[in-house]
Amino acid sequence: MIGIGPFPVQTITVIVAVLLAWVSARIMARRLPDVFYKAAGSMILDALFWGLLASRLAYIAQWWDEYAVAPMSMIAIGDGGFTWWVGVVVAIAYIWRRTRLVRGLRRPVLAGVMAGVVVWAVAGGVLDSMQRSAPPLPDLRLATLDGRPISLSTYAGRPIVLNLWATWCPPCRREMPVFEKAQTEFPDIAFVLVNQGESAQQALAYLKTEGLDLTDVLLDPASEAMRSMNSRGLPTTLFFDAKGRLVDSHLGEITMPSLKDKVLRRFIPSTK
103 MIGIGPFPVQ TITVIVAVLL AWVSARIMAR RLPDVFYKAA GSMILDALFW GLLASRLAYI
163 AQWWDEYAVA PMSMIAIGDG GFTWWVGVVV AIAYIWRRTR LVRGLRRPVL AGVMAGVVVW
223 AVAGGVLDSM QRSAPPLPDL RLATLDGRPI SLSTYAGRPI VLNLWATWCP PCRREMPVFE
283 KAQTEFPDIA FVLVNQGESA QQALAYLKTE GLDLTDVLLD PASEAMRSMN SRGLPTTLFF
343 DAKGRLVDSH LGEITMPSLK DKVLRRFIPS TK
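So the sequence shown is numbered by my numbering: it starts at 103 and just counts up by one.
Here you go:
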């Protein structure tokens, strides 16, 4: 997984794009009176707030059936659930309205927004290419809950959603029911949950206590999967296509809308 320290590189990209938009707007507004020059930067931040809010609400509306089942997941913005094009449209509309009486401010602020959007889009394309060129699914030697040796290559030939987890990890525990439901909704996809650093007794006790019926839970006592896949923390969810290529990843707790969104976009195109 690509990242800087504990932060996914996608988060860093968004921050850089916002900073570039803010700086660009202020630089282009230098020729305006001082009060307007300062307003350019603050307007970018206001537009960002309304754009993010609109894009989140649009995403919730798109996946309303899933969010309605677990309403608290609506505030779990870490799942990356945003309809970005809606946010961009709302941000531009907000700026257009705010500058209707100060037309001179409109151009530098909109130019700043466009600069940020272009950088974000280009960086997203580059990151997607880098992710697709990442090493394929490793042929790790793991074990089933009853102690039988098994290799990840056993799942070759079909899409794989690989989740790294542990019983001591609260976000891992919260997302377990999501994978239980997903394995039923998408039977042609292998949802493989690889426990990191714990014994079969610990994993089994947790699954029994929670009443979870997960079909592919494997053991990785040495946490080899985290090292080989450059995971920076738990939980980590990795999406491999039928050829074993990494096509997406998610660090942290994943919600059902986010999981279904990634599965449909990466494995079942044109379904949603």
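Where is the CB? At the ideal position from N, CA and C, for every residue including glycine.
* **Member of L366, K283, W267 whose CA lies at the smallest distance from the CA of A324** => The count along the sequence shown starts at 1 and reaches residue 324 at position 222. It is W267 whose Cα lies nearest to the Cα of A324.
* For the candidate residues A225, L320, K345, S175, whose alpha-carbon lies nearest to that of P251? -> By 1-based counting over the sequence shown, the position of residue 251 is 149. Out of A225, L320, K345, S175, L320 has the C-alpha closest to the C-alpha of P251.
* Asked: Nearest CA to the CA of E277: which residue from G299, I370, L314?
  -> Here residue 277 corresponds to residue number 175 of the sequence shown, with the count starting at 1. It is L314 whose Cα lies nearest to the Cα of E277.
* Do you know how far the Cα of P272 is from the Cα of L336? -> As a position in the sequence shown, residue 336 is number 234, starting the count at 1. As a position in the sequence shown, residue 272 is number 170, starting the count at 1. Approximately 9 Å, taken between the alpha carbons.
* Proximity to E326 [Cα-Cα], best of D241, R347, A213 -> Locating residue 326 in the sequence shown gives position 224, counting from the first residue. Among D241, R347, A213, the Cα nearest to that of E326 belongs to D241.
* To do: Report the rounded CA-to-CA distance for R347 versus A225, giving the unit in angstroms.
  => Translated into positions along the sequence shown, residue 347 becomes position 245. Translated into positions along the sequence shown, residue 225 becomes position 123. Approximately 20 Å between the Cα atoms of the pair.
* Buried or exposed for R128, please, with buried defined as at least 16 other CB atoms from any protein chain shown within 10 angstroms of its CB. => Within the sequence shown, the letter at position 26 stands for residue 128. Buried, since its Cβ has 16 or more Cβ neighbours within 10 Å.
* To do: Quick one: grab the DSSP three-state call for F293.
  => Counted from its first residue, the sequence shown places residue 293 at position 191. F293: strand per DSSP, three-state reduction.
* To do: In angstroms with no decimal places, state the Cα-to-Cα distance between D230 and V349.
  => As a working mapping, residue 230 is identified with position 128 in the sequence shown. As a working mapping, residue 349 is identified with position 247 in the sequence shown. Computed Cα separation, rounded: 8 Å.
* Opposite W267 in the DSSP bridges: which residues? -> For this step, residue 267 is matched to residue 165 along the sequence shown. N297.
* To do: Would you mind reading off the limits of the beta strand (DSSP E) that contains S253?
  => Walking along the sequence shown from the start, residue 253 turns up at place 151. Counting along the chain, the beta strand (DSSP E) containing S253 begins and ends at 251-253.
* To do: Give, in chain order, every unbroken run of the alpha helix (DSSP H) that is at least 4 residues long and sits entirely within the stretch 156-199.
  => 166-171
* **Cutoff 7 Å; reference I356; Cβ partners in own chain excluding five residues on either side** => Numbered from its first residue, the sequence shown carries residue 356 at position 254. Only D181, E277, V280, T339 meet the Cβ criterion.
* State buried or exposed for E287, treating a residue as buried only when at least 16 other CB atoms are found within 10 Å of its CB. => Within the sequence shown, residue 287 is the residue found at index 185, counting from 1. Exposed.
* Alpha-carbon spacing of A123 relative to I146, whole angstroms -> The residue you call residue 123 lines up with position 21 of the sequence shown. The residue you call residue 146 lines up with position 44 of the sequence shown. Each residue's alpha carbon lies about 7 Å from the other.
* Sheet register partners of I262 (DSSP bridge) -> Taking the first residue of the sequence shown as 1, we reach residue 262 at position 160. Paired residues: A292, F342.
* Asked: Nearest to R329 by CA position, among D167, E312, R158, V296, is which residue?
  -> Taking the sequence shown and counting its residues from 1, the one referred to as residue 329 is at position 227. Nearest C-alpha to R329: V296.
* Asked: Among the residues of its own chain, which have a CB less than 7 Å from the CB of G218, if the five just before and after it don't count?
  -> Numbered from 1 along the sequence shown, position 116 holds the residue referred to as residue 218. Contacts found: A119, V120, L122, A123.
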